[in-house]
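What follows is a single structure, written as C-alpha cells, with notes after it.
There are 2 protein chains.
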Amino acid sequence: MSVFKNYLLQKTSITEDEYSKITENLITRKVSKGEILLRQDKICSEVYFVQSGLLRSYTIDHAGKEHIIQFAPEEWWIGDRNSFYFNEPALFFIDCIEDSELMVLNHPFFDAANLIPSFSDFNTKVLHNHIRTLQIRLNMLVAATAEERYLDFIERYPNLTLRVPQWMIASYLGITPESLSRIRKELARKNFKPHS
Amino acid sequence: MSVFKNYLLQKTSITEDEYSKITENLITRKVSKGEILLRQDKICSEVYFVQSGLLRSYTIDHAGKEHIIQFAPEEWWIGDRNSFYFNEPALFFIDCIEDSELMVLNHPFFDAANLIPSFSDFNTKVLHNHIRTLQIRLNMLVAATAEERYLDFIERYPNLTLRVPQWMIASYLGITPESLSRIRKELARKNFKPHS
DNA sequence: CGTCGAATTGATGTCATTCAACTACAGTGG
DNA sequence: CCACTGTAGTTGAATGACATCAATTCGACG
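Chains as they are written, first to last, in our numbering: chain A, -18 to 177; chain B, -18 to 177.
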C-alpha cells in the first residue's frame, strides 16, 4: 500500500473504493537530489505529497541569494498553492534535497477528489494547516532573535536537524552559515545539549 | 444593503435567497478605536468581515514589543483562521485602529454557509488568498531590505499609508519607528515622491 | 591520498536598534 | 485663551547583531 493511500485512509474517512476511484489516474514520480520541480515565476500545475525523501522550497532575491521557505520530508505536502489555485506565477522554487518519491497531484485529481466530501473537508484542513505553518514562521521571523529561531527549529523539526546541511538551516532561519555556526558555538559554551 | 451582502453577491454566485437564509442569524458589531477583539492564547471563535473602519492583528513578543501582522480595512477578512478552525490558542491579538463596523461570522454561520457550494467554493478562495498574502509577506521579510519593504508597502497599500500612523507601519515592516523615519528621510533626499 | 564543499574562526563593516533629547501638535482643563 | 500633558515624529550618538571577506580546518568520497 502506498504511503499516500495509507495516509489518506488514516487521516480521513475516505473509503478504499473512493480512494481507488479518485487515484486511478494518479502517478508517483521518483526524483533525484538536485532536481528542480518548480521554478519561480512559472505556473505551479502540480502539488506534491512526499512519500519518501526530502524537498525544499526557496526564493532567490534580486542579489541572487537563496532563502529557504519550507522543508518537506515524508508525509508533507509541498507546492505553491497560490500559483496552483490562481494560475499565477509561482513565488518560489521547489527542488529535491534527497532522492525522493512523490505522489503527483494535479488539477484533474483535485477536481475529482473534491467531489468526495470527506476529501474536500480534509483538503480544507490541509489548507488551514498550511496557514498555521506560515503564520508561525511569520511570528518567529518578526518576534524572535536568530538564536531563538534556531532553538525553535531544532525543537520543532528534530529529525530535520540531522538530515539537512547546516547552511540550509541557516538559510531557513534567515541568517548566514557563519552566523549559525557562531550561534551554535555560543550555545555549546552555555552548555546547551540538543535532544536531551 | 450591507457591505457584506453586496460583497458576497458580487464576488460569488450566491443568490439573494441563499444569502437571506445563511445570514438570518448574523449580527454586525460596532467597535471603537482601541477595542480588543481577540487576545493571543485565547480561542478565536469569530472571524470578522470589515464593513467599515480599520483593524489590525499583532503579536507581542517576550520582551513586550508589538509586531503588526496584518491590517484589515474595508472589505477585508480578519481572524485567526488557525485558532478558529483547530480550536487552538490564538497566535495574535486583533484590535481596532479606527471606529469600525464588522460582520461577525461564527461557527454556526460557517456550518450553514458551507452547505451552499458557491459559498464553500468562495471560502476556499478566501483561504487561498490568505495563503498568498502570508507567502508574499514571508518572502518580503526574508528577501528584501527595510527600504524595499517600505516601498513595497506604500505601493501595495497606498490608502493605508495615509490612514495608519507611521509607527504602526514600522511595526508592520519589522523595524523601529526611528529606522523608518530615517529611511523616509533618505528616500526624500534621493528625491523619491510617493504616489506620483 | 587529494579534492571539493561544509563548517569554523577571526577581523572588520554595515545596518538597524537603543537611548536620549528635542520639536510639533492635538486634546484637556483651568 | 493659554498653560499642561501626552503622543508622534525626527535627529544624534553609541551600541549591538548579524553580514562580509578571508583564511583554515574538517570530513566525505572518488
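Cβ coordinates follow ideal geometry from the N, Cα and C atoms, glycine included.
> Could you give the distance in angstroms between the alpha-carbon of residue 159 of chain B and the alpha-carbon of residue 130 of chain A?
Replying inline: 25 Å
> Taking buried to mean at least 16 other C-beta atoms within 10 Å of its own C-beta, is residue 71 of chain B buried or exposed?
Replying inline: buried
> Which residues does DSSP pair with residue 87 of chain B in a beta bridge?
Replying inline: B:27
> Can you give the beta carbon distance from residue 38 of chain A to residue 73 of chain A, rounded, assuming they're within the 8 Å contact cut?
Replying inline: 5 Å
> So which residues of chain A does residue 118 of chain B contact, with C-beta pairs closer than 9 Å?
Replying inline: 115, 119
>> So, with DSSP's three-state summary, where would you put residue 38 of chain A?
In response: strand
>> So, at 6 Å on beta carbons, what are the nonlocal neighbours of residue 142 of chain B in its own chain, with the 5 sequence-adjacent residues on each side left out?
In response: 135
> Who are the neighbours of residue 109 of chain A on chain B, taking C-beta pairs under 8 Å?
Replying inline: 62, 63, 66, 67, 108
> How many angstroms separate the CA atom of residue 187 of chain B from the CA atom of residue 62 of chain A?
Replying inline: Since the first residue of chain B shown is -18 and the last is 177, residue 187 of chain B is not available in this structure.
> residue 122 of chain A versus chain B: which residues are under 8 Å apart at the beta carbon?
Replying inline: 119, 122, 123, 155
> Does any CB atom of chain B fall closer than 8 Å to the CB of residue 59 of chain A?
Replying inline: no
> Count the other CB atoms within 10 Å of the CB of residue 36 of chain A; is the residue buried (16 or more) or exposed (fewer)?
Replying inline: buried
>> Excluding the 5 residues flanking residue -17 of chain A on each side, which residues of the same chain have their C-beta closer than 6 Å to its C-beta?
In response: none
>> Just to confirm the assignment, what range does the alpha helix (DSSP H) spanning residue 167 of chain A have?
In response: 158 to 170
>> Could you give the first and the last residue of the continuous beta strand (DSSP E) run that contains residue 12 of chain B?
In response: 8 to 12
> Of all Cβ atoms in chain A, is any one closer than 8 Å to the Cβ of residue 50 of chain B?
Replying inline: yes
> In angstroms, rounded to a whole number, what distance separates the CA positions of residue 114 of chain A and residue 69 of chain A?
Replying inline: 22 Å
> Are residue 59 of chain A and residue 149 of chain A close, meaning C-beta to C-beta below 8 Å?
Replying inline: no
>> Is residue -7 of chain B close to chain A? Criterion is C-beta to C-beta, closer than 8 Å.
In response: no
>> Contact criterion: CB-CB distance below 8 Å. Does residue 40 of chain B meet it with respect to chain A?
In response: yes
>> DSSP three-state label for residue 147 of chain B, please.
In response: helix
> Which class does residue -6 of chain A belong to by DSSP, given the choice of helix, strand or coil?
Replying inline: coil
> In this structure, does DSSP put residue 122 of chain B in helix, strand or coil?
Replying inline: helix
> In chain A, which residues lie less than 8 Å from residue 164 of chain B when you measure between Cβ atoms?
Replying inline: Ordered by position in chain A, no residue passes the 8 Å Cβ test against residue 164 of chain B, which lies about 17 Å from the chain.
> With a cut-off of 8 Å, does the C-beta of residue 72 of chain B fall near any C-beta of chain A?
Replying inline: yes
> Counting contacts by CB-CB distance shorter than 8 Å, is residue -1 of chain B in contact with chain A?
Replying inline: no
> Does DSSP put residue 139 of chain A in a helix, a strand or coil?
Replying inline: helix
> So, are the CB atoms of residue 82 of chain B and residue 9 of chain B less than 8 Å apart?
Replying inline: yes
>> Does any residue of chain B have a CB that is nearer than 8 Å to the CB of residue 78 of chain A?
In response: no
> Is it right to say residue 54 of chain A is buried, meaning 16 or more other beta carbons lie within 10 angstroms of its own, or is it exposed?
Replying inline: buried
> Which class does residue 32 of chain B belong to by DSSP, given the choice of helix, strand or coil?
Replying inline: strand
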